[in-house]
Amino acid sequence: MFVISLGGSILVPDQIDTSFLASFRTILEEHLQDPTQRVVLVIGGGGPARRYQEAYRSLTATPDPDAQDWIGIMATRLNAELVRQALAPHCCDPVVYDPTAEAPFTGRILVAAGWKPGFSTDFDAVKLAERFGADTVVNLSNIAQVYTADPKEDPSATPLERVTWEEFRRIVGDHWTPGKNLPFDPVATRRAAELGLRVIAADGKNLENTRAILAGEEFFGTRIGP
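This is the structure we're talking about:
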């Protein structure tokens, strides 16, 4: 089983990228030709989450972090419902909001969205991997590889093909900030490290690369953890 954390910036960078979603669906359907395979998809908030969070911050002198998270969570849920409907009939069950709750998985694809404040959908992906016994989370975002630092702020930052959890925690820190653009959120990082999970970080727009990841072939990205 693969757990895929699909960044909202891929699905809805500004407008909904229906062309991407159609192509991504084709790749998943090819993968599911193996009858033993199932996929859990966790969907991020993307452009709508950022815009609504920015609007909220502009309307209050002291923005509440939990309120910002809830706004982002609602965006993930709308995006996830679109994905669930687009993946019918492979996805037969309602969108999962709480990754720790008992929920049916009767189809081949299970779609999940944001849960509660304090972390991003990356953490939801880790919790679902824990629940279903998956050893790998595929994190598809708008970055091709993890860097030693934010390359937008540090020109000397270099890309990494492999990084340990200890090294990665030094890159992302320990504290969650709503809306912050990180390769994998700090709360998810801490739990993934405790579980000994592997996270593959890759460019979600590179569909051939995603196909290679699902096929267990060589790919371009960063392996985090074991």
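Anchor point for the sequence shown: position 50 equals 31 in our numbering, and the numbering is continuous, going up by one each time. Even for Gly, the Cβ is constructed at its ideal location relative to N, Cα and C.
task = Indicate whether Leu22 and Val64 have their beta-carbon atoms separated by less than 8 Å.
result = yes
key: Where Asp15 falls, given that 16 or more other Cβ within 10 Å makes a residue buried   = exposed
query = Nearest to Tyr78 by CA position, among Ile24, Ala48, Glu10, Arg151, is which residue?
reply = Ile24
message = Between the alpha carbons of Pro207 and Gly(-11), how many angstroms are there, rounded?
response = 26 Å
request  = Find the nearest neighbour of Thr81 within the set Gly27, Gly53, Glu111, judged by alpha-carbon distance.
outcome  = Glu111
query = Counting Cβ pairs, one atom from each stretch, are 3 or more of them under 8 Å apart for the stretch 88 to 99 and the stretch 66 to 73?
reply = yes
query = Out of curiosity, what's the CA-to-CA distance linking Lys133 and Thr102?
reply = 23 Å
task = Starting from the C-beta of Thr139, find all residues in its chain whose C-beta is less than 8 Å away, skip the five residues before and the five after it, and write them out in chain order.
result = Around Thr139: Tyr128, Thr129.
query = DSSP puts Ser0 in a beta bridge; with which residues?
reply = Paired residues: none, contrary to the question.
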